[in-house]
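Asks: Just passing along the structure, written as structure tokens.
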Amino acid sequence: MTDTPLSRYADACNLGKSLSMLSDASPALVENLAYPMYTLPMDTLLRMTAVRPHEELLNQGSLVEFEEVLGRAMFISHQWLANEHPDPEAQQWKVLQEAIRNLYSGRSLVTLPIQSEYFYGRHSTLSREDFQSKPLFIWYDYVSCPQAADSRGQEHQKQAIDSIVSYIERCVYFVVLCPNLPHKDQGFVLSEATWAERGWCRAERLARKLAAREDGCILVVESAMRQTLALHTARPIDAPGLGKFSVESDRSRIGRVILQMVWKKLLYFLEQGDLHNYRFLLNQQAAFFFANTDIDPIDALVPYFQSQADPFTAPLDVAVEWFLHQNGFQEPVSRDPAGWTPLCYAVMAGSPSLISALLERKADCNDRISKHKKDFMFPKGMSVLALAAYFHNTGALQVLLAARASLHACDSHRQTPLHWACISDNDTAVRELGEARADLGQHSFPGVDPLHLACAFGSVGAMTEIFGRHQRVCLQNSLHFALSNEGGSALVISTLIQARADVNDKFHTINGLWRFIIFRQGLRHKFSPSLLTTLSPPYLHFNRGWRLRIRIGGLRLKAYRVYVGLATFSFPKGSGEYCRCPRLFVYV
């Protein structure tokens, strides 16, 4: 490790942690909760036939004040199904109960996200033995937080809400409970997409990602049989401050909560000596965490800064020295063991003046990361222009374009900056790159153009920008990509159909590599099925093409009926088979 003020500060943090652990008088790792963490033992949860309030269960002695020595905790994040009660008919509750039973028995398995398996292959997920190894305790808001309307109940509820971040940190499992069910009072259908729109839900997910532990995971429970391991990736448009809030003042409140989470996680990385992830977190703050809040990012964690330049006559020199000091670099063109240079991190942070100053000091406008960053799905060779597009840093993008950064620089997945702008739903970057004459038809591996990626990731803003800039856009396969990945929301489908995408479109293999991949996954599906192999059943014939298929479960179908003309069709719930209708193959 290079000797820098950052590395020395990290060593000091690690030493301080060790001394705290050895000292009985300094329990630094024991966090006081404003309100106890009350949980339901798994056996109690499985016996319940209705969702009952906190006070009733507490008086009955059904709740347990959780400590990690008791076992493992599971935090349930969900949307309420009614205005005054989270689940009046226990519909979500029953899905949760059945999902837990199935995971414990091995009847259902936690699957990998499609894009993770596609690019990086399979890796171990949660098994039946993982769930059975220790007792399980469940935190659920209506059950675990006070609900009484009197002044004492409201005060305790506020204390519990203020402790949610600490509750999440104690939980090994973070569960997004999002079966497709209609809201009793407002009429819309709840889903993972509607869950992800809520600012508080986004903050809870962020708290899981910023928890000071490495053994946790996020599970998405859509039905009793479908549980998916969520990636730790996110996009700037998923920032909590950009979400929906019932009370607008919560937007500012949530920024202060996130500030504490980021500070704690930065110190955690320093204690672990993980300088790359420290730098990554430090520089992603503005785009990912504090967008649309009144909070400024943390930028002064490493002490003892001494500038060699005069701040009055050479302010940019001071800015560069400050940035290198805080990020632990000695030179503007050095590279850390993870394969990132100061320019890569500066593009994430988004300061145009800092980027210009680094370019003047021999940083390369066509710089790239030299290693994969798998936790964010960033491939080897991703360019700084692609990073600027992904992180929604328009000023950085414009500086790099002015410096003649290559529009067609490809990473190891053959993705260009335009591909990454579409993945991140950065319509401004799509416009800027389009005006600079980026190629909309350039294919990434194994044959995916930018519009296909926008469809797959639900990037409606990028899709709309593409449709507005180009009168003739090839929509072939667009609905397939939208419905086979995470992008198939009602808004995405309606946008494509309004753009005249053909709902009777057959999937067209673009090249021989596509055919080989599909055939291989189809064969694998017979022996080892997954979400990815489900999309490639071997009995479909290449010469006839594929009809449009949606892999859905139960009531999710309602989200699409109004757009794809399925209102007159019905499908068996949970059958796990392909059902044929005049327009679609549907997996239910």
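Residue numbers (the numbering used here): 14 to 601.
We put the beta carbon where it would ideally sit given N, CA and C, even for glycine.
Please report the straight-line C-alpha distance between D380 and L371, rounded to a whole angstrom.
Replies: Roughly 12 Å between the two C-alpha positions.
Asks: Given that a residue counts as buried once 16 or more other Cβ atoms are within 10 Å of its Cβ, and exposed if not, what is F540?
Replies: Label assigned to F540: exposed.
Asks: Do you know how far the Cα of A86 is from the Cα of I308?
Replies: When rounded, the distance between both Cα atoms is 31 Å.
Asks: If we ignore side chains and look at the alpha-carbon of each, how far apart do L53 and P99 end up?
Replies: Rounded to whole angstroms, L53 to P99 spans 16 Å at the Cα level.
Asks: By Cβ distance below 7 Å, which residues in the same chain neighbour P101 in space, the five residues on each side in sequence not counted?
Replies: Contacts found: L94, A95, K197.
Asks: Less than 8 Å between the C-beta atoms of L488 and A451, yes or no?
Replies: Taking 8 Å as the Cβ cut-off, L488 and A451 do not qualify as a contacting pair.
Asks: If you measure between the beta carbons of A402 and W433, is that distance less than 8 Å?
Replies: A contact, by the Cβ cut-off of 8 Å.
Asks: For the alpha helix (DSSP H) that V234 lies in, which residues bound it at each end?
Replies: No alpha helix (DSSP H) contains V234, which is instead part of the beta strand (DSSP E) from 230 to 234.
Asks: Note down the Cα distance separating V412 from E445, rounded to an integer number of angstroms.
Replies: In a straight line, the C-alpha of V412 is about 12 Å away from that of E445.
Asks: Alpha carbon to alpha carbon, how far is L125 from F187?
Replies: Cα-Cα distance, rounded: 16 Å.
Asks: Taking the alpha carbon of L122 as the reference point, which residue from H483, Q105, Q170, S140 has its own alpha carbon closest?
Replies: The shortest C-alpha separation from L122 is found at S140.
Asks: Could you tell me the distance, in whole angstroms, from the CA atom of I181 to the CA atom of L58?
Replies: Rounded to the nearest angstrom, the two C-alpha atoms are 19 Å apart.
Asks: Am I right that L272 and Y22 are in contact with their C-beta atoms under 8 Å? What's the rounded C-beta distance?
Replies: The Cβ separation is near 20 Å, so there is no contact.
Asks: Which runs of the beta strand (DSSP E) spanning at least 3 residues fall entirely within the segment 84 to 157, listed in chain order?
Replies: Fully enclosed beta strand (DSSP E) runs of 3 or longer: 85 to 91, 149 to 152.
Asks: Just the C-alpha distance for I127 and E235, rounded to the nearest angstrom, thanks.
Replies: Approximately 15 Å, taken between the alpha carbons.
Asks: For D154, count neighbouring C-beta atoms within 10 Å of its own C-beta (all shown protein chains included) and say buried if the count is 16 or more, exposed if not.
Replies: Per the 10 Å Cβ criterion, buried.
Asks: Which same chain residues, not among the five before or five after A225, have their C-beta less than 7 Å away from its C-beta?
Replies: If we look at A225 and ignore the five residues flanking it on each side, its Cβ neighbours are E182, K277, K278, Y281.
Asks: Specify, as a first and last residue, the run of the beta strand (DSSP E) that Y358 falls within.
Replies: Taken as a continuous stretch (DSSP letters only), Y358 belongs to no beta strand (DSSP E), being part of the alpha helix (DSSP H) at 355 to 362.
Asks: Leaving out the 5 sequence neighbours to the left and right, which residues in its chain are closer than 6 Å to E217 when beta-carbon positions are compared?
Replies: So the qualifying residues of the chain are S90.
Asks: With distance defined between alpha-carbon atoms, name the residue in F494, S347, R482 nearest to V461.
Replies: Nearest C-alpha to V461: F494.
Asks: K519 to N490, Cα distance in whole Å?
Replies: Whole-angstrom Cα-Cα distance: 7 Å.
Asks: Just mark E373 as buried or exposed, buried being the case when its beta carbon has 16 or more other beta carbons within 10 Å.
Replies: It is exposed - the Cβ of E373 has fewer than 16 other Cβ atoms within 10 Å.
Asks: Going by alpha carbons, who is nearest to M61 out of A103, S259, E68?
Replies: Ranking the options by Cα distance to M61, first place goes to A103.
Asks: Give the DSSP bridge partners of Y51, in chain order.
Replies: Answer is E78, bridged to Y51.
Asks: Report yes if the CB atom of M361 is closer than 8 Å to the CB atom of L398, and no otherwise.
Replies: The answer is no: Cβ separation not under 8 Å.
Asks: How about F150 and V77: do their beta carbons lie closer than 8 Å?
Replies: Against a cut-off of 8 Å, the Cβ pair of V77 and F150 comes out as a contact.
Asks: Can you tell me whether T326 is helix, strand or coil according to DSSP?
Replies: If DSSP states are grouped into helix, strand and coil, T326 belongs with coil.
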